[in-house]
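In what follows, a structure is listed as C-alpha cells, so that the remarks can point back to it.
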Amino acid sequence: MTRHDVEGAEEAMRSLFPATPLQLNDHLSARYGADIWLKREDLSPVRSYKIRGAFNFFRKAIAEGAGGKTFVCASAGNHAQGFAFICRHFGVPGVVFMPVTTPQQKIDKTRMFGAGFITIELIGDFFDQCYQAARDHVDAIGGVMVPPFDHADIIEGQATVAAEIMQQLPEGTVPDMVVLPVGGGGLAAGITGFLDSIVPKSGFVFAEPAGAPSLRRSLEAGQVVTLSKVDNFVDGAAVARIGDLNFAALKDFSVEQVRLMPENAICVTIQEMLNVEGVVLEPAGALSLTAIAAMDREAIKGKTIVAVVSGGNFDFERLPDVKERAMRYAGLKKYFILRLAQRPGALRDFLNLLGPHDDIARFEYLKKSARNFGSILIGIETTAPENFATLVANFENAGMGFEDITENEILANLII
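Residues 4 to 419 (our numbering) are what the sequence shown spells out, left to right.
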C-alpha cells in the first residue's frame, strides 16, 4: 500500500459518497483542554467505515475480470451492509451469509442496501458456522469471497479515512495523537500505514474492548493469538483473532499503546454523546472516545487529537441495557440482596434507611417461604456515588444482612 494508491482509492470513492466530516468537537475540547477532532465515519451511507474497504475490494476485483462472478461475505453487522451497498453500486450479484440469530433489524437493513442484487442466507447459530458455509458456497460456485478486514485491498480502502483527515485538518496542522478503534485491525493498519511519515509512532493510541483484546494479547505474545473467549457486547469490534496482515502492520507498536476499554465504560460514552451531542454511536463507534476519557487530562492538555468514530449502527432496543451498564459503571446504581425480617413494619424500617436522593428501581422477593427472614433483590439508583457509602453505613448500623452483588458477574447475569 502506497500513499499514491490510497489517494487514488479515495478519489475513486468520491463517485460513491462525499468525504465524511472531520469535526472539531467543542464539548469534548472544552472538557479536556485540547483540540478534539472527530472523524465521523458514522455519517457514511451505511453509517460505518466498512463501505470503504468493500468499495476498494470490489473496484479492483472487477477491474481484474471478476465482474461476472458472484461475490460472497459472512457478516451480521457493518461489513454485510457495506458489502450489500457496493453490490448494488456496481450492479453485481452478492450473497450475504448471516447467523440465524442475527437481529431482524440488521437483516432488513442489509437487504435494503443491496436491494435487487443480494440474497441473504441465514445459517448456523454462531458466526464460525456461518463463515464456513460462506466459504463452502464460494468453492461450490467459483465465487469471490470478500473478507471483512484481512486483505490488502480492504486495508487500502480503510486507509482513505486517513487521506481525508489530512485534507480536512486546518493547513499546517498535524495531529499529536490519533485514537483508533480496533477489531480485526483493518482500519488501524490502513490509517497507521498512511500516516507513518506524518504522525510519530508514539502518537497512535488503539482502543479495544476489554472483552475482546485480540491486538493486545497478540502484541504481548509477539504473534497472532486467537482468543478462547470473547465478550460480544461491542459487536463491531468483538473479534477473536486480529487479521494476519493487520498484525504484521501493527506488530511494532508497544503493548501500552493498546488501551482496553471496559464494556460498561463504553456505555457511559454512548449515553453521554446521545444526551449531550445528539450523536448516535454503536459500541464500537464509542471506543476511541472512551479511550480519551480514560487518559490523564494533564497529559493531553493543549494537544491536537483526532479520534475516529467508526460507526453509528445502534439498535435502540439495546438502549435500556446501555443505560443500566452506564449507571453501574458510574457508581450511580447498585444491586443488593437483603435479609429482611418477616414482621409488620420491617419494610417501613428499611425505607427509612434510604437517603433523600436514593430511588428504588427494582424490588423483588427471592424467597418468600422463610419463616423469620426473607431474601430480597433490590436495585437502587442515586445521584452521586458517595451516597452509597452512607446507605451501606445505614445498613450496617441497623444490623441488616446484605450483600452488594453489582460487580458479581455470575449473580448479576443470572438475576439482574
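In this text, a Cβ means the ideal position worked out from N, Cα and C, and glycines have one as well. Fair warning: this is a prediction, and the values are worked out from it, not measured in the lab.
Point to revise | Exposure label - Tyr368; buried when at least 16 CB within 10 Å | key: By 1-based counting over the sequence shown, the position of residue 368 is 365. So Tyr368 counts as exposed.
**Study point:** Own chain partners of Phe2 with C-beta closer than 7 Å, once the 5 adjacent residues on each side are dropped
**Key:** Summary: the structure shown does not reach residue 2, with the chain confined to residues 4 through 419, and so no result is reported for it.
Point to revise | Boundaries of the beta strand (DSSP E) in which Val164 is found, first to last residue | key: For the purposes of this step, residue 164 is taken as the residue at position 161 of the sequence shown. Premise fails: Val164 lies in the alpha helix (DSSP H), Thr163 to Gln171, not in any beta strand (DSSP E).
Point to revise | Helix, strand or coil at Phe391 [DSSP, three-state] | key: To locate residue 391, count along the sequence shown from 1; it is residue 388. In the structure shown, Phe391 sits in a helix (DSSP, three-state: H, G or I).
Review point. Under a three-way DSSP split, which group does Pro184 fall into?
Key: Mapped onto the sequence shown, residue 184 falls at position 181. In the structure shown, the three-state DSSP call for Pro184 is strand.
Check your understanding: Mapping DSSP to helix, strand and coil, what is Glu399?
Key -> The residue labelled residue 399 in the question sits at position 396 within the sequence shown. If DSSP states are grouped into helix, strand and coil, Glu399 belongs with the helices.
Point to revise | Contacting residues, own chain, Cβ-Cβ under 8 Å from Thr272 (five flanking each side not counted) | key: In the sequence shown, residue 272 corresponds to position 269, counting from 1. Result list for Thr272: Leu284, Ala289, Leu292, Thr293 and Ala296, in chain order.
Check your understanding: So, helix, strand or coil for Phe256, using DSSP?
Key -> Here residue 256 refers to the residue found at position 253 when the sequence shown is read from its first residue. Phe256: coil per DSSP, three-state reduction.
Review point. On the three-state DSSP scale, how would you describe Lys326?
Key: Within the sequence shown, the letter at position 323 stands for residue 326. Three-state result, Lys326: helix.
Review point. Any beta-carbon of chain D closer than 8 Å to the one on Arg50?
Key: Among the chains of the structure shown, chain D does not appear; only one protein chain is present.
Practice item. With DSSP collapsed to three states, give me the class of Asp45. Key: Along the sequence shown, read from residue 1 onward, the residue named residue 45 stands at position 42. Of the three classes helix, strand and coil, the one that applies to Asp45 here is helix, per DSSP.
Check your understanding: What are the boundary residues of the alpha helix (DSSP H) that includes Glu301?
Key -> On the sequence shown, position 298 is the one that residue 301 refers to. It spans Arg300 to Ile303 - the alpha helix (DSSP H) in which Glu301 sits, taken as one unbroken run.
Review point. In or out: Leu417 buried (at least 16 other Cβ within 10 Å) or exposed?
Key: Taking the first residue of the sequence shown as position 1, residue 417 is located at position 414. Under this definition Leu417 is an exposed residue.
Practice item. Answer yes or no: do Phe100 and Ala77 have a C-beta to C-beta separation smaller than 8 Å? Key: As a first step, residue 100 must be located in the sequence shown, where it is residue number 97. As a first step, residue 77 must be located in the sequence shown, where it is residue number 74. Yes, the Cβ-Cβ distance between Phe100 and Ala77 is below 8 Å.
Point to revise | C-beta contact flag for Ile308 and Phe339 at 8 Å | key: By one-based count along the sequence shown, residue 308 stands at place 305. By one-based count along the sequence shown, residue 339 stands at place 336. No, the Cβ-Cβ distance between Ile308 and Phe339 is not below 8 Å.
Point to revise | Which listed residue (Ala22, Gly187 and Ile39) has its alpha carbon closest to that of Asp45 | key: Numbered from 1 along the sequence shown, position 42 holds the residue referred to as residue 45. Here the closest residue by C-alpha is Ala22.
Review point. Whose CA, out of Val237, Val228, Phe207 and Ile194, lies closest to the CA of Ala213?
Key: By 1-based counting over the sequence shown, the position of residue 213 is 210. Comparing Cα positions, the closest option is Val237.
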